[in-house]
Amino acid sequence: MKYMDIVNGPVNASRIILGCMRMPALSVGDAVNMIRTATELGVNFFDHATCYGNGEAEERFGEAFPATGIKREEVIIQSKCGLHFDTKEFDWSRDDILNSVDGILTRLKMDYLDVLLLHRPDLIFDPEEVAEAFDNLYTAGKVRHFGVSNVTPGQLELLKKYVKQPLIFNQLQFSLDQTQLIDSGLYLNNLTTDRSINRDNGILDYCRLHDITIQAWSPLQIGMFKGCFVDHPDYPELNMKLAEIGDKYGVPKTAVAIAWILRHPAKMQTIAGTMNPEHLKDICDAVKVDLTHREWYELYLASGKFLP
Ligand SMILES: NC(=O)c1ccc[n+]([C@@H]2O[C@H](COP(=O)([O-])OP(=O)(O)OC[C@H]3O[C@@H](n4cnc5c(N)ncnc54)[C@H](OP(=O)(O)O)[C@@H]3O)[C@@H](O)[C@H]2O)c1
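See below:
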């Protein structure tokens, strides 16, 4: 595994995170096995959210973790709050953040979170309320570090005007299929392609300029949860290139797809969502690969993009 010290955040964090969104599908025994496999592979960072299985992901993890024999301080546990799909609202109000963290800690059976992220913007968020909640959580020792997910530069600036703690992460969608994070910087004002549309107000450069580590979510998914592009019949050119480069480095195709994200100089982490220990082993082989500049471009082009 490769590790990085997060600016203003946890040290020695694995570049690959295990995302626990799909953990509700596992029995407690399988969850124990999955967490153990992850740590044996060097993954020491786990991502949760209150909305994953409506709390069930955190609950399963909390049931399984004590049986792994892993010490709490050996892992970095992150969760996210703010999404209420049950009531169809996104909520960053002070009370909701505070209540959410109490619920998270109860379900995880832990007394602190290493990282809390605000999951997706609340359309009517009040940054002063967020600041109050973060102060409260930090002072009480319930949360050590804070960040956001799917948040624009403007929203980050607004938060930073009031929030005292550094905002250290922005979790964003990025994969060989979903490249919108980097596309508009390439196609710029080109009228012949939608890829020129700036959909996020330059969040990639903003995060790099402000020492906010990007965590790339859904690194293998087609679109939003349409399945894995590796071995998918709609992606023949990409799969041929993944196989060719994989053969060169002696790793599976999924490892090459993950290595493509890790090769970006923004020094992102990536969040693998598999709940299959064998698939996670393949994914972690990504750290054996240092793609050349040309290979990185070859993969980008094989995923269906072109140079302007
Ligand atoms: N912040 C946000 O808004 C947000 C949104 C979505 C997700 N996330 C985070 O990102 C994590 C990852 O999301 P995700 O699960 O959608 O993304 P993912 O890791 O890109 O996709 C996982 C899918 O790929 C499949 N897969 C993995 N390795 C494979 C292989 N070798 N062969 C065939 N299929 C393979 C998995 O199936 P198997 O399980 O069978 O391996 C699963 O269906 C989540 O757990 C969550 O923590 C965050």
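Mind the numbering: the sequence shown is residues 128 to 435 in this note's numbering, read in order. Using N, Cα and C, we set each Cβ at its ideal position, and we do this for glycine too.
Assess contact between the stretch 226 to 238 and the stretch 160 to 172, defined as three or more Cβ pairs (one per stretch) separated by less than 8 Å. Is contact present? no
Residues of its chain near residue 422, where Cβ-Cβ distance is below 7 Å and the 5 sequence neighbours each way are ignored: 372
What is the C-beta distance between residue 255 and residue 220, in whole angstroms, given that I count them as a contact (C-beta under 8 Å)? 11 Å between Cβ atoms; not a contact.
Per-residue DSSP class, three states only, for residue 312: helix
Let's test the definition: count the other Cβ atoms within 10 Å of the Cβ of residue 185 and tell me whether it reaches 16, buried, or not, exposed. buried
Counting pairs of Cβ atoms below 8 Å between the stretch 296 to 304 and the stretch 313 to 324, do you hit three or more? no
Do you know how far the Cα of residue 225 is from the Cα of residue 182? 15 Å
Please determine whether the Cβ atom of residue 403 lies at a distance below 7 Å from any heavy atom of ligand 1. yes
In terms of residue numbering, what span does the beta strand (DSSP E) encompassing residue 155 cover? No beta strand (DSSP E) contains residue 155, which is instead part of the alpha helix (DSSP H) from 155 to 167.
Simplified DSSP state of residue 197, which is helix, strand or coil: coil
Should residue 258 be counted as a contact of ligand 1 given a C-beta to heavy atom distance under 7 Å? no
Other residues of its chain near residue 428: CB distance less than 8 Å, five sequence neighbours each side excluded: 434
Where residue 241 falls, given that 16 or more other Cβ within 10 Å makes a residue buried: buried
Count the other CB atoms, across all protein chains shown, that sit within 10 Å of the CB of residue 417; report buried if there are 16 or more and exposed otherwise. exposed
Same chain only: Cβ atoms within 7 Å of residue 280, ignoring 5 sequence neighbours per side: 328, 329, 330, 333
Using 7 Å as the cut-off, classify the Cβ of residue 391 as near or not near the heavy atoms of ligand 1, replying yes or no. no
Taking the straight line between their C-alpha atoms, what separation do you get for residue 173 and residue 166? 10 Å
Leaving out five residues on either side along the sequence, give the residues of the same chain with a beta carbon under 7 Å from the beta carbon of residue 187. 150, 151, 153, 155, 158
With 16 other Cβ atoms within 10 Å as the buried cut-off, status of residue 420: exposed
Using CA atoms only, rank isn't needed, just tell me which of 310, 375, 204, 139 is closest to residue 147. 204
Run through DSSP, which three-state label would residue 260 get? helix
Please check the pair residue 295 and residue 340, which I expect to be a contact at CB under 8 Å, by giving their CB distance rounded to whole angstroms. 6 Å
Can you pull the DSSP bridge partners for residue 337? Residue 337 pairs with nothing; no bridge assigned.
For residue 338, which of 323, 390, 283 has the nearest alpha-carbon? 283
If you scan the stretch 231 to 277 from start to end, which runs of the alpha helix (DSSP H) of 4 or more residues do you find wholly inside it? 254 to 266
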